[in-house]
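Heads up: the sequence shown begins at -3 in my numbering, then just goes up one per residue.
Note that beta-carbon positions come from the ideal geometry of N, C-alpha and C, so glycine has one too.
So the structure is just underneath, and the comments pick up after that.
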Amino acid sequence: MSHKSPKQLDAEKSKNAIVCRNRKATHEYEILDDIECGVMLHGSEVKSIRNGKVSIDEAFARIRHG
């Protein structure tokens, strides 16, 4: 049996952690389906997320070829 150190457990949790949730959208709209997607970030954007300074107030998604 392999045991994981506390550092390894924290690293796994942070990989799958929800960084930001759009509560305003769930309040103002009826959500019929959930779609999980990825976002490519660069430089200062990554730093802002790590510091917990995230805003998705004006964010949107578009489904192409789907």
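> Looking at C-alpha atoms only, which residue of A21, S40, G39 and D29 is the closest neighbour of E54?
Replying inline: Locating residue 54 in the sequence shown gives position 58, where the first residue counts as 1. Per the Cα distances, A21.
Item to check | Unbroken alpha helix (DSSP H) run spanning A21, endpoints | outcome: The sequence position of residue 21 within the sequence shown is 25, counting from 1. Under the DSSP assignment, A21 falls in the alpha helix (DSSP H) whose first and last residues are R19 to E24.
*asked:* Please identify the residue among F56, G62 and H61 whose C-alpha is closest to the C-alpha of R17.
replied: On the sequence shown, position 21 is the one that residue 17 refers to. Closest by C-alpha distance to R17, out of F56, G62 and H61, is F56.
Q. Cα separation between V35 and L28?
A. For the purposes of this step, residue 35 is taken as residue 39 along the sequence shown, with counting starting at 1. For the purposes of this step, residue 28 is taken as residue 32 along the sequence shown, with counting starting at 1. Each residue's alpha carbon lies about 22 angstroms from the other.
_Which of the three DSSP states is assigned to I31 in this structure?_
On the sequence shown, position 35 is the one that residue 31 refers to. If DSSP states are grouped into helix, strand and coil, I31 belongs with coil.
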